[in-house]
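The next block holds one structure in the form of structure tokens; read it before the comments.
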Amino acid sequence: MRTQTQTQTRTELLRPLLPALGPWLTGRRWFDARYAGAPLTAEAASVVGDEPPLLLHAVVAADGAAGPLRCQLLLGLRPELPARLAPAAIATVPAGPWQGWRVYDALADGTLLALLLRTLAGGGAEHGPRLERSSRYPLPVGLVPRPLQVEQSNTSVAYGDRLLLKIFRRPEPGPHTEVEALRALTGQDCTRTPHLYGAVHSDAPGAEGLVLGLVEEFLPDARDGWEEALRQATDSVAGRGSAAGGFTGDAFGLGGAVADVHGALGEAFGRTRLTVTDVAEEAARMTMRLKEAAEEVPALARYTARLGALFDDCARVAGRGCPLFVQRTHGDLHLGQALRVHDGWRIVDFEGEPARSAAERARPQPVLRDVAGMLRSFDYAARTGLAAVGTAEASPAVRLRERRRASAWAARNRRAFIAGYAAAGHEDPECHPVLLRAFEADKAVYEAVYESRLRPDHLPIPLTAIHRLAAPAH
Numbered sequence: 054m055r056t057q058t059q060t061q062t063r064t065e066l067l068r069p070l071l072p073a074l075g076p077w078l079t080g081r082r083w084f085d086a087r088y089a090g091a092p093l094t095a096e097a098a099s100v101v102g103d104e105p106p107l108l109l110h111a112v113v114a115a116d117g118a119a120g121p122l123r124c125q126l127l128l129g130l131r132p133e134l135p136a137r138l139a140p141a142a143i144a145t146v147p148a149g150p151w152q153g154w155r156v157y158d159a160l161a162d163g164t165l166l167a168l169l170l171r172t173l174a175g176g177g178a179e180h181g182p183r184l185e186r187s188s189r190y191p192l193p194v195g196l197v198p199r200p201l202q203v204e205q206s207n208t209s210v211a212y213g214d215r216l217l218l219k220i221f222r223r224p225e226p227g228p229h230t231e232v233e234a235l236r237a238l239t240g241q242d243c244t245r246t247p248h249l250y251g252a253v254h255s256d257a258p259g260a261e262g263l264v265l266g267l268v269e270e271f272l273p274d275a276r277d278g279w280e281e282a283l284r285q286a287t288d289s290v291a292g293r294g295s296a297a298g299g300f301t302g303d304a305f306g307l308g309g310a311v312a313d314v315h316g317a318l319g320e321a322f323g324r325t326r327l328t329v330t331d332v333a334e335e336a337a338r339m340t341m342r343l344k345e346a347a348e349e350v351p352a353l354a355r356y357t358a359r360l361g362a363l364f365d366d367c368a369r370v371a372g373r374g375c376p377l378f379v380q381r382t383h384g385d386l387h388l389g390q391a392l393r394v395h396d397g398w399r400i401v402d403f404e405g406e407p408a409r410s411a412a413e414r415a416r417p418q419p420v421l422r423d424v425a426g427m428l429r430s431f432d433y434a435a436r437t438g439l440a441a442v443g444t445a446e447a448s449p450a451v452r453l454r455e456r457r458r459a460s461a462w463a464a465r466n467r468r469a470f471i472a473g474y475a476a477a478g479h480e481d482p483e484c485h486p487v488l489l490r491a492f493e494a495d496k497a498v499y500e501a502v503y504e505s506r507l508r509p510d511h512l513p514i515p516l517t518a519i520h521r522l523a524a525p526a527h
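Take my numbering: the last position of the sequence shown gets the number 527, and nothing is skipped along the way.
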């Protein structure tokens, strides 16, 4: 049976569903809780499929005090919902061609996820999702889909052990930083990142120009870098076995992987030397971010003078002729963006910090900013391991030993990462100690704001680092 809406983009068909979609969206991890209860508007909609179940692809927008928020939805439509899909139910369609049908989260339906892959491989649906290829290789179909459970601002679906479909839940007009980076890295035959098959777009009125997602190589044997580091850090803090130096070899290898990615990005996008004025302006931006952060996080106020002096030192270093180059970088590098596979590390998720605008994320940066982000991540792993080990019954002496072990673990792995980066034949971060310290402090200030908003119990982690970084350098 061919539905009357199969080849049409009809936002009016989506409108009867909007009242039910609002409460459902509020429960999604990728939805901004600040928009809970905000009215939704339908920006684009298209239907994929000849007969039930149908895949309804939609873009909706919520308007709130922080400005408009655009979200991408994949919804299923069936006249009747089988019991296995009951937990994914959202509502019954109240009006329109599907009146009385059941609408549900399509991610729970392997039939629809398989349909989506076939559609992308076949050139896309009319006015629906289509794949703009970055590779000459055909997209394999017939692979069993499996949504991955780790969700943040995106949703990922693995197809067999070969493909990963990443759905950008908050799609933006192109060019997209991650698509650009992976396309360039694939063109450079970089072995440290997944191969990109292509980017997902739509021609539906209201969705023109939006980058909806991407299809890349799936790494089935990958282990999350954060989980690996946290396990080692926890064992080290607890004094278990020989875990004291257990992760340093991995940290060294990770440094080399990041350096290789930076080298490939520099080749693809080019590098530019900053002038003294450029560095002074960057220092001024860091000082301004610090001032704004201190207004939101009062605990930062005591450090503004010393961190401000550190940022000013960046400009003085540049004035003495220390060369500093900028290029395309990862933009949000931490242990969770690194995957350990059988032959080393892979770096993933090149979108940049989600709190920054698309223009900011695409702006060339010193590679030291990525290095500073990874150094902060080792500190987070150590402090998180310390919290996991600690108990209320532990004596002050025991807790002191655990804190020292945590600090020692972070220091060892930070040194190993920097050594691995330098050994890969690229810029040695140790040659720019003032700049690296300043970028790490700037990152910690960003973290303090993030934690104060979303995870107040984690705020002591960046504050402890800021206390260390604000101290006079030895």
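We put the beta carbon where it would ideally sit given N, CA and C, even for glycine.
So which of the options has the shortest CA-CA distance to residue i?
i    : options                   : result
E480 : P509, P228 and R422       : R422
E96  : Q285, R68 and G90         : R68
L170 : P482, E179 and L192       : L192
E406 : Q390, G397 and L70        : Q390
L218 : K344, N207, L238 and P224 : N207
R399 : V442, L70, E483 and W279  : W279
E179 : L235, P258, C243 and R155 : P258
P351 : T340, E483, L516 and E233 : L516
Q202 : G319, L70, R81 and L507   : R81
L107 : L93, P72, R409 and T172   : T172
V232 : G181, L272 and L318       : L318
G299 : L122, P72 and R458        : R458
E397 : T230, P482 and R245       : The residue you asked about is not Glu; residue 397 is Gly in the sequence shown. The shortest Cα separation from G397 among T230, P482 and R245 belongs to R245.
H254 : R338, G227 and P525       : G227
L439 : F84, V194 and A291        : A291
D277 : A260, V487, E483 and D402 : D402
A469 : R373, R222, T301 and T437 : T301
F322 : A450, P449, Q418 and A354 : Q418
Using C-beta distances below 8 Å, list every residue in its chain close to residue i, excluding the 5 sequence neighbours before and after it, in chain order.
i    : result
A425 : L489, F492, E493, D495 and K496
L522 : L360, L363, R490, E493, A494 and A497
R87  : G117, A118 and A119
T58  : Because T58 sits at a pLDDT of 40, beneath the cut-off of 50, its placement in the model cannot be relied upon, and the following sentence gives the value as read from the coordinates. L66, V100 and P150, listed in sequence order.
R55  : Because the pLDDT at R55 is just 37, under 50, the model does not fix this residue reliably, and the value given afterwards should be weighed accordingly. Excluding sequence neighbours, R55 sits near D103 and E104.
K344 : T357
Which of helix, strand or coil does DSSP assign to residue i?
i    : result
P486 : helix
D396 : coil
T62  : Note that T62 scores 45 on pLDDT, short of 50, meaning its location in the model is unreliable and no value can be drawn from it.
E345 : helix
R454 : helix
R186 : strand
M54  : With a pLDDT of 35 at M54, under the threshold of 50, the predicted position of this residue should be treated as unreliable, and no value is reported.
F492 : helix
P515 : helix
P449 : helix
E418 : Position check: residue 418 holds Gln in this sequence, whereas Glu was assumed. The answer is strand: DSSP assigns Q418 an E or B state.
D313 : helix
V101 : strand
H520 : helix
V290 : helix
Q285 : helix
L78  : helix
P351 : helix
G255 : Residue identity differs from the one stated: residue 255 is Ser in this sequence, not Gly. Here S255 sits in strand by DSSP.
Taking 7 Å as the threshold (beta carbon to beta carbon), is residue i in contact with chain B?
i    : result
A415 : The structure shown contains no chain B; it is built from a single protein chain.
Note down, in chain order, each residue of its chain lying with its Cβ closer than 6 Å to the Cβ of residue i, except the 5 sequence neighbours on either side.
i    : result
W462 : A286, S289 and A435
G163 : P198
R324 : F378 and Q380
D158 : A141
T64  : A95 and A98
Check the C-beta distance from residue i over to residue j and give it rounded, since I have them as a contact under 8 Å.
i    : j    : result
A368 : V420 : Not really, about 19 Å apart at Cβ, beyond 8 Å.
L126 : V113 : 6 Å
L128 : A111 : 6 Å
L238 : E269 : L238 to E269, Cβ: 10 Å. No contact.
R155 : L168 : Not confirmed; about 17 Å, so no contact.
A282 : V329 : Not confirmed; about 38 Å, so no contact.
L388 : S430 : 4 Å
R137 : P224 : About 29 Å separates the two Cβ atoms, so there is no contact after all.
L428 : R456 : Wrong, their Cβ atoms sit about 19 Å apart, outside the cutoff.
Got a sec? Which residues, its chain only, sit under 7 Å from residue i by beta carbon, not counting five neighbours each side?
i    : result
D274 : V394 and H395
A91  : A115, D116 and G117
W77  : I143
A148 : P69
F221 : Q125, N207, V264, L265 and G266
Problem - the segment 403 to 417 contacting the segment 374 to 390, beta-carbon criterion three pairs below 8 Å - result: A contact between stretches requires three or more CB pairs, one per stretch, nearer than 8 Å, and the segment 403 to 417 meets this requirement with the segment 374 to 390.
Handout entry: the segment 247 to 254 / the segment 185 to 193 touching (three or more Cβ pairs under 8 Å)
Key = Segments in contact, yes.
Problem - Stretch pair the segment 302 to 316 + the segment 260 to 268: three plus CB contacts closer than 8 Å - result: Not touching, per the Cβ criterion.
Practice task
Mind the definition here: the segment 310 to 326 touches the segment 465 to 478 only if three or more C-beta pairs lie below 8 Å; say whether that holds.
Solution key: A contact exists between the segment 310 to 326 and the segment 465 to 478.
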